[in-house]
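In our numbering, the protein residues as written are 99 to 526.
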């Protein structure tokens with residue numbers, strides 16, 4: 099059914115498949131390094147030879163990530179050939195069939211997911227992106243693997259060196275019934291040089307060390323350590339193709355809105371900013387007042403090269419702090435067009451901003467004083483780092499949050515700019 103010689107596998111991948119006989123088998127390393135296909139192959143072989151007792155489980159951050167990262171690759175004939183037709187799943191269902199065996203799919207987004215494991219007995223488990231599941235869930239899953247010869251298979255990208263998976267498992271590989279394989283980008287024989295170069299351009303700083311180099315490294319110091327005022331601040335703006343807005347809502351904290359434009363030169367520009375700090379002005383504003391102020395700001399702002407009849411700008415989309423439900427409702431009532439809840443994946447959003455800054459594809463107009471004040475001091479929280487987490491200090495970050503919202507929510511629009519050939523530089 100499965101011809102290993104026909105699969106596009108490296109010797110390292112094949113070796114890991116053959117050696118995955120420990121109670122815990124863990125593939126870790128850079129993105130697209132080949133660890134997932136090797137781990138899936140080892141898991142499917144285990145399913146094919148498993149006895150009748152005990153459940154078979156696949157776990158991940160959510161059912162959607164399990165479908166995308168586990169089931170869809172298994173159903174890809176280019177990867178698994180004839181085996182793919184023996185992987186049966188209806189999208190949204192909490193079970194799948196692999197080689198005729200029922201497999202239970204369990205999402206583990208938070209600590210409450212641990213309760214889904216209580217009382218069951220398992221013989222095989224596969225965990226997608228293990229660093230993203232709660233520690234309590236992982237511990238409970240291991241306790242449920244109580245059938246003689248039970249095994250756990252897991253993949254992950256590196257995280258903080260203080261993450262529980264690193265300190266309590268990988269660092270204790272000699273003490274535990276555990277085998278681990280570290281993969282780098284060069285370990286995947288199927289990647290083209292062009293793709294590797296494009297991927298490397300998308301990751302900088304902390305994420306480059308983790309996702310490209312495959313290192314378990316700590317987040318420390320400035321988040322945007324590539325920020326250079328001489329390089330990233332401009333006094334003039336090119337013509338723009340389109341605009342978007344990002345808004346971080348605040349009542350007692352500052353309210354920040356940034357206007358992002360895509361220049362004809364293939365760069366993104368923070369063209370303007372509007373802020374209100376109730377503590378500094380000693381004046382609070384209602385949702386209705388904020389809505390009116392933002393609409394007035396956009397109606398009055400104009401590109402420096404615009405004529406007297408071209409005043410005002412209409413953004414294609416405005417991305418709002420997703421926790422600001424009352425403000426979103428107010429904007430809808432006021433007929434504000436193109437409203438969307440912003441993507442609030444903090445680490446991924448920071449990575450998106452970092453990649454653009456590092457590539458010189460994101461510039462800030464000198465008028466955006468709030469953002470320019472915040473960017474140099476935007477730093478990792480050392481207390482969170484000590485816990486093995488990556489989180490920014492929640493101090494003077496309101497314009498940074500607004501920027502993160504609009505950048506990450508429009509990533510599909512600008513991702514190509516990271517590898518596009520440079521055009522004529524913007525005036526500075």
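Heads up, the beta-carbon is just placed ideally off N, CA and C, and yes, glycines get one too.
The model shown is predicted, which means the values in this text are computed figures rather than measured ones.
In the three-state reduction of the DSSP assignment, residue 221 falls in the strand class, which pools E and B. Across the set 160, 516, 447, the C-alpha of 516 shows the shortest separation from the C-alpha of residue 458. Each of 249, 285, 282 was checked against the Cα of residue 274, and the nearest Cα belongs to 249. Annotation: residue 293 to residue 446 spans about 20 angstroms, alpha carbon to alpha carbon.
Following the DSSP letters along the chain, one finds residue 374 inside the beta strand (DSSP E) bounded by residues 366–374. Remark: C-beta atoms of residue 215 and residue 239 approach each other more closely than 9 angstroms.
Judged by DSSP secondary structure, residue 346 falls outside any alpha helix (DSSP H) and instead within the beta strand (DSSP E) spanning 338–346. Pairing residue 184 with residue 178, the inter-Cα distance amounts to about 10 angstroms.
Each residue's CA atom was taken as its position, placing residue 362 and residue 385 some 35 angstroms apart. When the five nearest sequence neighbours on each side are left out, the beta carbons in the same chain lying within less than 6 angstroms of the beta carbon of residue 317 are those of 304, 478, 483, 488, in order along the chain. By the neighbour-count criterion, in which a residue is buried when 16 or more other Cβ atoms sit within 10 angstroms of its Cβ, residue 111 is buried.
Residue state for residue 414 is assigned as coil, using DSSP reduced to three classes.
Around residue 347, the same chain offers 353, 388, 418, 419, 421, 422, 425 as residues with beta carbons nearer than 8 angstroms, after the five sequence neighbours per side are excluded.
For residue 123, the pairing in a beta bridge is given by DSSP as 251, 277. Sequence-distant Cβ neighbours of residue 456 in its own chain, meaning closer than 6 angstroms and more than five residues away, are 302, 324. Following the DSSP letters along the chain, one finds residue 498 inside the alpha helix (DSSP H) bounded by residues 496–507. Listed as beta-bridge partners of residue 463 by DSSP are 332. Annotated as proximal: residue 205 and residue 158, with beta-carbon spacing under 9 angstroms. Relative to the Cα of residue 466, the nearest Cα in the group 377, 436, 357, 509 belongs to 357.
Segment contact: the stretch 138–158 against the stretch 181–196, three or more CB-CB distances shorter than 8 angstroms; contact assigned. Here the alpha carbons of residue 203 and residue 161 stand approximately 7 angstroms from one another. Under the DSSP definition of a beta bridge, residue 201 partners with 194.
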